[in-house]
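Numbering (my numbering), first residue to last: 1 to 266.
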Ligand SMILES: NC(=O)c1ccc[n+]([C@@H]2O[C@H](COP(=O)([O-])OP(=O)(O)OC[C@H]3O[C@@H](n4cnc5c(N)ncnc54)[C@H](OP(=O)(O)O)[C@@H]3O)[C@@H](O)[C@H]2O)c1
């Protein structure tokens, strides 16, 4: 199975008429799930900094009969986020769902990390989720949208510690907690907020591990004995963006082959 050009899943979820934002859609998981959402009928607005990659992805989606649009977005810049959401609404009409997927890795311990590295990771992975969600929710409330939903991309590392990715792990802990508090605060506006917590998904970003000599040993620590593929996220994502999860909010769904419940005695 190619990890570069995965085929989109259609699981019988009908998102026709729904406009859905995917941040970080220029590569990896966001690139894939933009295709999944479009294949299930959504009009997808792809955001990221690398406009050329977004344009290519939009062409792929529209060639397959999907509806998609790319707009530039730097999630660390609140003015960029504001313009992105305003332009998206102007182009495709009222927005129904936001997938906060953009994220960056970190490769430091708490001792080796510096302020700049901490800020870059926290701004991208955590602060942006709040800012994008705040701006999106303001639009939803103004447009009186029923059934709006936010899906945040957390991580297995939100609940299991790992060395050498200090700011990343802390940021994802924050994303899971933010998901719960936002769910509590947005319920009265009819906005549901949930998160996916993937384990190790085979992407360019995880290639250093999933494609290395360490991969086999690492896979043995995953109860299902394999890394995840993009398609493993499709079902849980479609559940959370659709009415199939109408009574779910504040949930963080693990998609990790059982990694979070790995036995303490291997
Ligand atoms: N892969 C995994 O195993 C795994 C596991 C758990 C959680 N996750 C989470 O899943 C999400 C996607 O990860 P991935 O593996 O697909 O990583 P990736 O291939 O590196 O993709 C990251 C995406 O985020 C975008 N991005 C980064 N900084 C941005 C910014 N300032 N503004 C806008 N977009 C920005 C990038 O686009 P540009 O550079 O073009 O802006 C890119 O499209 C992340 O939140 C990650 O933490 C991944």
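For glycine and all other residues, C-beta sits at the position ideal for the given N, C-alpha and C.
Residue i: CB within 7 Å of a non-hydrogen atom of ligand 1
i: residue 133; result: no
i: residue 200; result: yes
i: residue 74; result: yes
i: residue 167; result: no
i: residue 264; result: no
i: residue 156; result: yes
i: residue 194; result: no
i: residue 48; result: yes
i: residue 104; result: yes
i: residue 26; result: yes
i: residue 257; result: no
i: residue 204; result: yes
i: residue 226; result: no
i: residue 53; result: yes
i: residue 30; result: yes
i: residue 124; result: yes
i: residue 101; result: yes
i: residue 23; result: yes
i: residue 248; result: no
i: residue 182; result: no
Residue i burial status per 10 Å Cβ neighbour count (16 or more: buried)
i: residue 263; result: exposed
i: residue 3; result: With a pLDDT of 41 at residue 3, under the threshold of 50, the modelled position of this residue cannot be trusted; read the value that follows with caution. Per the 10 Å Cβ criterion, buried.
i: residue 149; result: buried
i: residue 162; result: exposed
i: residue 97; result: buried
i: residue 110; result: exposed
i: residue 209; result: exposed
i: residue 270; result: This structure cannot settle anything about residue 270, because the visible part of the chain is limited to 1 through 266.
i: residue 112; result: exposed
i: residue 132; result: buried
i: residue 1; result: Confidence is the limiting factor: at residue 1 the pLDDT is only 37, short of 50, which leaves the residue's position unreliable, though a coordinate-based value still follows. Its Cβ having fewer than 16 others within 10 Å, residue 1 is exposed.
Nearest-angstrom Cα separation, counted from residue j out to residue i
i: residue 46; j: residue 63; result: 16 Å
i: residue 107; j: residue 247; result: 38 Å
i: residue 252; j: residue 44; result: 23 Å
i: residue 152; j: residue 195; result: 4 Å
i: residue 40; j: residue 250; result: 24 Å
i: residue 214; j: residue 265; result: 20 Å
i: residue 105; j: residue 239; result: 27 Å
i: residue 198; j: residue 36; result: 17 Å
i: residue 6; j: residue 154; result: Because residue 6 sits at a pLDDT of 44, beneath the cut-off of 50, its placement in the model cannot be relied upon, and the following sentence gives the value as read from the coordinates. Each residue's alpha carbon lies about 22 Å from the other.
i: residue 135; j: residue 222; result: 38 Å
i: residue 189; j: residue 65; result: 33 Å
i: residue 59; j: residue 78; result: 28 Å
i: residue 55; j: residue 28; result: 15 Å
i: residue 12; j: residue 115; result: 46 Å
i: residue 48; j: residue 61; result: 16 Å
i: residue 26; j: residue 144; result: 30 Å
i: residue 140; j: residue 93; result: 11 Å
i: residue 207; j: residue 172; result: 20 Å
DSSP beta-bridge partners of residue i
i: residue 152; result: 100, 195
i: residue 22; result: 46, 99
i: residue 228; result: 201
i: residue 72; result: 48
i: residue 255; result: 198
Closer than 8 Å to chain B by CB, residue i
i: residue 69; result: This model lacks chain B altogether; it includes just one protein chain.
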